[in-house]
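K.L.:
What follows is a structure written as structure tokens; I'll ask about it next.
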């Protein structure tokens, strides 16, 4: 295949992955704010969208993006947004490819370039990021050209910085890139480095000081924004939030978690990202005698950023490709051997490029979600069906008034549809709400005891819930004295107060989930790619959590009619049968799930727990080892199960290591400390066991058995008065706890 034809393949990939129906959660607040800015000719400085944070400072560094995206939508709709985004991404990667391009190395670049696109594809959203891709590409292009040819385009950087700071918080990435080159080139020019590391195209003397001045002017240019120097705080807040979001939001935000916290090194997840890391690292070996220190620093910094947050993988993909292509240009491979490799690789690269496009197109274009009788494609130029349109239509049509409690992910869309008539409880602008409020929101889902506090503090009149908010849903659904369900579908639900003012509404719309009809199912037998029955999954999981086993089973079986190859459906049917006491049937479904997906964590945990309880420890151990690293990311629950098995086998040191590993992964689970304490008690390490039981009690102060085991430690230490106090507390919590009664009797004999 000709170079020109092959060159089109990576950009076909971008088209395939970028021309997707809009599914981003945050685009809606951007559209609404762009409209506000143009109508009022002012940039908001304080929140006015929510009733929970009204008047709090809002440092909105995306304001120019919001104006741009609103104008695009105003004149060309959702299709316009998707197409403009796609053009930005194509142009960005075109610049990236051009930075180090040499015709003779085309076939060596191409696989890396394709991998960088495939690793980036999950971030091709309708967010300010897609404009930041272009700025990053331009910064790299300008800096590389200046280092080689001392071009005057370097003077554009302060102007670009002034523009970028008003579009996206990622503008500080540009300053970071400049700073890394300044540090790397300074060291390369001042210290003696190995081999020929000092002989690269680095900035020296007059050129270096000019670049330093440009950097300082760019810092000053970043102050040209509506908030001045306060904008600098936004970047630090973002970095801090990325590092602590899993603590603040109890599990965190999916795009901010480290990639290897959810996938194993050898598991299929993030495959192209893993390949890109290996391939780009290999290019440093190719030029090990002439490594460019600045580029090496750049690579390491952005690799680290990608390892701490999925969101940053796209940044590494761009930087990784640019650095690697320069490494290829400066490789130490003999020219004749390099030419031989290129000739040998031409056919393979051509085949790989073709297959990458073919299978990506097949995956993206043929993929469908089944949503309550409808099919929803990824590929397209429309708004996705995953937004709570019908719920919000219901709220508007029936003129629901007062304070809403809404799910975090629904907030932006609620603002778009309902402001200014209605204000939101929470949305994705995390910096507006602050850490305490975000923690409060997360605690509402973890601790139902906070529910009354929510109602009293915020005087909630109705709820708009995501279908996956099971704890809150359960709390509302079964509190029929105070709340009633009036709208429900695969996206979520609306609950209103059970009060006389809502009598007519309840008579007309109240929903009994047990009487809800099943959705229609078409004939998908001829589909090459069966639809994924996501609505059956979502509704089934909710019904399972509510204890509505019959309805859950109906949903899962409906899902199997749509697509009989979804392992998770068999696992969830197994859970239903296990909860109903039909263990053999549960085992058969768990095994079917594992047959379809040999590393499905939930199915392996469920099946392993059954065999563990039956005493077949070896088989349970064999199952659990399937979901250990490197096949899966480390899971605290798996290590807890392993610890229990090793403890029962008498392998106390192995058990202790497993419980400690579980604690390191999830330090807020009382049962891990409790189990660790039991092992330490068996090992005769009484004081250490006591510390573990104390920690377990701190996390779960209402569990009688913990007090009993603390008492056991005190008895062995001869501290009988303290033991008696703990035993009395245990029996106060659980009067029929036999272990505590036996310990109390033994204590009386010892006295």
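In this note's numbering, the protein residues as written are 10 to 760.
Cβ coordinates follow ideal geometry from the N, Cα and C atoms, glycine included.
Treat the numbers as computed from the prediction; the structure is a model and nothing was measured.
At which residues does the alpha helix (DSSP H) containing residue 751 begin and terminate?
P.N.:
For the purposes of this step, residue 751 is identified with residue 742 of the chain shown, where counting begins at 1. Residue 751 -> alpha helix (DSSP H) spans 747-759.
K.L.:
Please check the pair residue 90 and residue 76, which I expect to be a contact at CB under 8 Å, by giving their CB distance rounded to whole angstroms.
P.N.:
In the chain shown, counting from the first residue as 1, residue 90 sits at position 81. In the chain shown, counting from the first residue as 1, residue 76 sits at position 67. Wrong, their Cβ atoms sit about 13 Å apart, outside the cutoff.
K.L.:
Among 431, 554, 708, which residue has its Cα nearest to the Cα of residue 676?
P.N.:
For the purposes of this step, residue 676 is taken as the residue at position 667 of the chain shown. Of 431, 554, 708, the residue nearest in Cα terms is 708.
K.L.:
Should residue 730 be labelled buried (16 or more other beta-carbon atoms within 10 Å of its own) or exposed?
P.N.:
Taking the first residue of the chain shown as 1, we reach residue 730 at position 721. Its Cβ having fewer than 16 others within 10 Å, residue 730 is exposed.
K.L.:
Between the Cα of residue 528 and those of 264, 563, 425, 121, spot the shortest distance and give me the residue it belongs to.
P.N.:
Taking the chain shown and counting its residues from 1, the one referred to as residue 528 is at position 519. Nearest option by C-alpha distance: 563.
K.L.:
DSSP three-state label for residue 411, please.
P.N.:
Locating residue 411 in the chain shown gives position 402, where the first residue counts as 1. Note: residue 411 maps to coil in three-state DSSP.
K.L.:
With distances taken Cα to Cα, identify the nearest neighbour of residue 28 among 98, 479, 502.
P.N.:
The sequence position of residue 28 within the chain shown is 19, counting from 1. Cα-wise, what sits closest to residue 28 is 98.
K.L.:
Helix, strand or coil, according to DSSP, for residue 705 in the structure here?
P.N.:
Stepping through the chain shown from its first residue, residue 705 is reached at position 696. It is helical.
K.L.:
Can you pull the DSSP bridge partners for residue 496?
P.N.:
In the chain shown, residue 496 corresponds to position 487, counting from 1. 503, per the DSSP bridge assignment.
K.L.:
Are residue 557 and residue 483 closer than 7 Å when you measure CB to CB?
P.N.:
Along the chain shown, read from residue 1 onward, the residue named residue 557 stands at position 548. Along the chain shown, read from residue 1 onward, the residue named residue 483 stands at position 474. For residue 557 and residue 483, no; Cβs fall outside 7 Å.
K.L.:
Would you please state the rounded distance, in angstroms, between the beta carbons of residue 17 and residue 119? I believe it to be under 8 Å.
P.N.:
Working through the chain shown from its first residue, we reach residue 17 at position 8. Working through the chain shown from its first residue, we reach residue 119 at position 110. At roughly 11 Å, the Cβ-Cβ gap does not stay under 8 Å, so residue 17 and residue 119 are not in contact.
K.L.:
Kindly confirm or deny that the segment 107-118 and the segment 323-341 touch, where touching means at least three C-beta pairs closer than 8 Å.
P.N.:
Yes, the segment 107-118 touches the segment 323-341.
K.L.:
Compare the C-beta of residue 177 against all C-beta atoms of chain C and say whether one is closer than 7 Å.
P.N.:
Looking for chain C here will not work: only one protein chain is present.
K.L.:
So, for residue 216: in the same chain, excluding its five sequence neighbours on each side, which residues have a beta-carbon less than 7 Å away from its beta-carbon?
P.N.:
Here residue 216 refers to the residue found at position 207 of the chain shown. Cβ within range, chain order: 159.
K.L.:
From this set, 461, 52, 82, 59, which residue's C-alpha is nearest residue 68's C-alpha?
P.N.:
The residue labelled residue 68 in the question sits at position 59 within the chain shown. Comparing Cα-Cα distances from residue 68 to each of 461, 52, 82, 59, the minimum goes to 52.
K.L.:
Keeping to the same chain, check which residues put their C-beta closer than 6 Å to that of residue 289; ignore five residues upstream and five downstream.
P.N.:
Numbered from its first residue, the chain shown carries residue 289 at position 280. Cβ neighbours of residue 289 beyond the five flanking positions: 329, 333.
K.L.:
Can you grab the Cα-Cα spacing for the pair residue 645 / residue 705, in whole Å?
P.N.:
Locating residue 645 in the chain shown gives position 636, counting from the first residue. Locating residue 705 in the chain shown gives position 696, counting from the first residue. Those two C-alpha atoms are separated by around 16 Å.
K.L.:
Counting pairs of Cβ atoms below 8 Å between the segment 42-51 and the segment 144-155, do you hit three or more?
P.N.:
Output reads no: the segment 144-155 does not touch the segment 42-51.
K.L.:
Output the distance between the C-alpha atoms of residue 671 and residue 643, rounded to the nearest integer angstrom.
P.N.:
Along the chain shown, one-based indexing puts residue 671 at 662. Along the chain shown, one-based indexing puts residue 643 at 634. The straight-line gap from Cα to Cα measures roughly 9 Å.
K.L.:
Mind checking residue 465: buried by the 16 CB within 10 Å criterion, or exposed?
P.N.:
For this step, residue 465 is matched to residue 456 along the chain shown. The residue is exposed, with fewer than 16 neighbouring Cβ atoms inside 10 Å.
K.L.:
Cβ of residue 100 within 6 Å of any heavy atom in the ligand NAD?
P.N.:
Annotation note on the ligand NAD: not contained in the displayed structure, which lists no ligands.
K.L.:
If you scan the segment 275-323 from start to end, which runs of the alpha helix (DSSP H) of 4 or more residues do you find wholly inside it?
P.N.:
For the segment 275-323, whole alpha helix (DSSP H) runs of length 4 or above, ordered along the chain, are 280-295, 302-317.
K.L.:
DSSP beta-bridge partners for residue 66?
P.N.:
Here residue 66 corresponds to residue number 57 of the chain shown, with the count starting at 1. According to DSSP, which records beta bridges pairwise, residue 66 is partnered with 55.
K.L.:
If you follow the beta strand (DSSP E) that residue 386 is in, where does it begin and where does it stop?
P.N.:
Looking up residue 386 in the chain shown gives position 377. Where residue 386 is concerned, the enclosing beta strand (DSSP E) stretches over 383-386.
K.L.:
Are there three or more Cβ pairs, one per stretch, closer than 8 Å when the segment 373-386 is compared with the segment 459-476?
P.N.:
Touching, no.
K.L.:
Just to confirm the assignment: which complete alpha helix (DSSP H) runs, minimum length 4, are found wholly within the segment 557-622?
P.N.:
For the segment 557-622, whole alpha helix (DSSP H) runs of length 4 or above, ordered along the chain, are 558-571, 576-588, 592-605.
K.L.:
Hey, out of 599, 736, 505, 429, whose CA is closest to residue 616's CA?
P.N.:
What you label residue 616 is simply residue 607 of the chain shown in a count that begins at 1. When only C-alpha atoms are compared, the closest one is 599.
K.L.:
So, is residue 710 buried or exposed, given that buried needs 16 or more other C-beta atoms within 10 angstroms?
P.N.:
In the chain shown, the residue the question calls residue 710 occupies position 701. Exposed, by the Cβ-count rule.
K.L.:
Quick one: grab the DSSP three-state call for residue 679.
P.N.:
Within the chain shown, the letter at position 670 stands for residue 679. Note: residue 679 maps to helix in three-state DSSP.
K.L.:
Only counting the same chain, and skipping five residues up and downstream in sequence, which positions put a Cβ closer than 6 Å to that of residue 620?
P.N.:
Position 611 of the chain shown holds residue 620. 628, 629.
K.L.:
Who does residue 31 pair with in a DSSP beta bridge?
P.N.:
Counting from one through the chain shown, the residue named residue 31 turns up at place 22. In the DSSP output, where bridge partners are listed per residue, residue 31 has 392.
K.L.:
Would you tell me roughly how many angstroms separate the C-alpha atoms of residue 526 and residue 460, rounded to the nearest one?
P.N.:
Residue 526 sits at position 517 when you count from the first residue of the chain shown. Residue 460 sits at position 451 when you count from the first residue of the chain shown. Straight-line Cα distance between these residues: approximately 30 Å.
K.L.:
May I have the straight-line CA-CA distance separating residue 234 from residue 170, to the nearest angstrom?
P.N.:
As a working note, residue 234 is residue 225 in the chain shown. As a working note, residue 170 is residue 161 in the chain shown. In a straight line, the C-alpha of residue 234 is about 10 Å away from that of residue 170.
K.L.:
Please confirm if the segment 443-450 is in contact with the segment 375-387, defined as three or more CB-CB distances below 8 Å between the two stretches.
P.N.:
Segments in contact, no.
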